[in-house]
Every structure is written in structure tokens, then in C-alpha cells.
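Take a look at the structure below.
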Amino acid sequence: MRQRHLSHWLLTLLAVLALALAGCGREQAGGGGAQSAPGLSDTTVKLGISVPLSGPVSDAGQAQVAGAKAFYQATNAAGGVKMADGKTREIQLVYYDDAYEPARSVQNFRKLVDQDGVLACVGSLGTAQNAAVMPIANQQSVPQVYIASGASLFSAASRQSSW
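Numbering-wise (the numbering used here), the sequence shown opens with residue 1 and increments by one.
See below:
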């Protein structure tokens, strides 16, 4: 029952994110314009994650990706995510190795946003990594959600760092 509640909550959050971004000014990769949200098509929601798949904490990063993939595959197998616009979409996950290095996290974030055109970055691991990405996420209006960090930095100044 607890997992069902968490699943419902995550799906609701994704729907809210999609609606919130539908009117934002960030252009889609490939010049799709500001009319539609990046990473959101009629059939898919594209999410990104940068985690350490190599390096000193690669076990944690591999577990993070495996958990996300398993959850999204189960969601897709159950029919996908029904969003507020009435459309049902499957979740696509794009992920890259940052080796637990903040500079690589920034490179991966830019690639996820600029080349892959993700709607949001979900579940990135590490305080220094997410802190390095945060100003860029705010500047480009890209949500960073479910950050894996124990630091209050990401919630303490939510008005100044709303993305």
C-alpha cells in the first residue's frame, strides 16, 4: 500500500511539472519553440539523471539508476502516466555518468537539457554535484527534483532557487 501511495504521488508530481512547464519560455531542443514543454510529446515524458556510474560511489549511482529504471518501466507497463491534459505518456529516462565530479555533473546537465531535451532532471546524487548544477537549472528554468542530498541548501532558499 505504501508503494502505491508513493507511485500515485510521483505521477501527480510529474503531471504538475508538465503543466507548469507547458507555458514556460524554455525552447525545446531542435528549435521546437516555447509553445510546448521540452521533453514532453504527445506520447512521452523525457526525464534525465546524472549519477556516478564510475568512481568512488558508483554503487550508489548504479542503484539510483536501477531504481529509477525499474520504477519507470513498471509505470510504463501499467499504462504510463495520465496527465492533466488527458493524454497518457510513457516515461523515457536518459542518464549519464558523472563519476561523482561536479564539473561532469554540469556537463551532463547541459547535455540532458540542450541535446536530449529533458523535461526535468530527477534523482541526481550528491550535494556538490547538485549545487554546481543549481544556478544553471534556475537560469534555464529546468526542474531538479528528488535530489539525493542531505544538505538543506536545496530547500532553504526555495524562492530564490525555485527550479
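Using N, Cα and C, we set each Cβ at its ideal position, and we do this for glycine too.
TODO: Indicate the three-state DSSP secondary structure (helix, strand or coil) for D85 in the structure shown.
DONE: Three-state result, D85: coil.
Task: Nonlocal neighbours in the same chain, by C-beta distance under 6 Å from Y130, ignoring five residues either side - done: Strictly speaking, residue 130 in this sequence is Asn, with Tyr absent from that position. Take N130, set aside five residues on each side of it, and the residues of its chain with a beta-carbon closer than 6 Å to its own are S124, I147 and S149, in chain order.
- [ ] Using the Cα positions of S102 and P52, report the straight-line distance between them to the nearest angstrom.
- [x] It is worth fixing the name first, because residue 102 is Pro in this sequence and not Ser. The alpha-carbon of P102 is positioned some 10 Å away from that of P52.
TODO: Starting from the C-beta of R89, find all residues in its chain whose C-beta is less than 7 Å away, skip the five residues before and the five after it, and write them out in chain order.
DONE: Once the five neighbours on either side are set aside, the close Cβ partners of R89 are T43, T44, V45, G80, V81 and M83.
Task: Span separating the alpha-carbon of A132 from that of S50 - done: Between A132 and S50, the C-alpha separation is close to 12 Å.
TODO: Look up D42 in the DSSP assignment and give the residues it is bridged to.
DONE: Per the DSSP secondary-structure output, D42 pairs with nothing in a beta bridge.
Open item on the list: Quick check on D59: does DSSP put it in helix, strand or coil?
Closed with: When secondary structure is reduced to three states using DSSP, D59 falls in the helix class.
Open item on the list: I believe L40 touches L93 by the beta-carbon criterion, under 8 Å. Please report the beta-carbon distance rounded to the nearest angstrom.
Closed with: Not really, about 14 Å apart at Cβ, beyond 8 Å.
Open item on the list: Could you tell me the alpha carbon to alpha carbon distance between Q62 and K87, rounded to whole angstroms?
Closed with: Rounded to the nearest whole angstrom, the CA to CA distance from Q62 to K87 is 31 Å.
TODO: Going by CA-CA distance only, name the one from Y100, P135, V145 and S58 that's closest to L119.
DONE: Minimum Cα distance to L119 is reached at V145.
Open item on the list: Can you tell me whether I147 is helix, strand or coil according to DSSP?
Closed with: DSSP places I147 in coil when its eight states are reduced to three.
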